[in-house]
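A.B. asks:
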Amino acid sequence: MTTSQTTTDHDTIRKWAEARNGHPARVKDTGDNGGLLRIDFNEPEERLEEISWDEFFRIFEENDLAFLYQETLEDGSTSRFNKLVDRKNA
């Protein structure tokens with residue numbers, strides 16, 4: 001069984017994403033509160049626009065988010081599971 005972890009540490013989030021060839025993005029046309037954040041793994045998703053890590057973390061902090069993530073899958077392979085959640089409920 002694999003477990004998920006939650007963090008608000010910017011370095012941990014960035015290293016996790018970059019180790020999986022991910023980069024910060026937001027959903028287009030969701031400008032309220034900076035937009036809906038995502039980690040994009042370079043799969044074709046026209047609705048995502050790449051943003052800088054600085055912009056990502058600015059929105060992350062303004063919205064009191066936490067990063068829920070998983071390191072590995074049950075078979076031991078690298079997991080890309082992640083979700084941005086309300087910090088108060090993390």
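Each residue of the sequence shown is one higher than the one before, starting from 1 at the first, in the UniProt record's numbering.
We put the CB at the ideal spot given by N, CA and C, even for glycine.
Small disclaimer: the values here were computed from a predicted structure and weren't measured.
(1) In the DSSP assignment, what are the bridge partners of D86?
(2) What residue range does the beta strand (DSSP E) around R26 cover?
(3) At a cut of 8 angstroms, does the region 14-26 reach the region 47-63 through at least three beta carbon pairs?
(4) How would you label G35, buried or exposed, when you count the other beta carbons within 10 angstroms and need 16 or more for buried?
(5) Can you give me the C-alpha to C-alpha distance between Q70 and L84, rounded to a whole angstrom?
(6) From what residue to what residue does the beta strand (DSSP E) around D75 run?
(7) In its own chain, which residues sit with a C-beta less than 6 angstroms from the C-beta of T6, not counting the 5 before and 5 after it?
C.D. replies: On the basis of the coordinates in this document:
(1) On the sequence shown, position 86 is the one that residue 86 refers to. D86 has L65 as its beta-bridge partners, per DSSP.
(2) On the sequence shown, residue 26 is found 26 positions in, with the first residue counted as 1. Note, R26: beta strand (DSSP E), 23-27.
(3) yes
(4) Numbered from 1 along the sequence shown, position 35 holds the residue referred to as residue 35. When all chains shown are included, G35 counts as buried.
(5) Sequence index remark: in the sequence shown, residue 70 carries index 70 (1-based). Sequence index remark: in the sequence shown, residue 84 carries index 84 (1-based). Each residue's Cα considered, the two are about 12 angstroms apart.
(6) One-based indexing of the sequence shown puts residue 75 at position 75. Premise fails: D75 is in no beta strand (DSSP E) and is neither H nor E.
(7) Reading the sequence shown from its first residue, position 6 is the one you call residue 6. Excluding residues within five positions, the ones whose Cβ falls inside 6 angstroms are A66, L68, A90.
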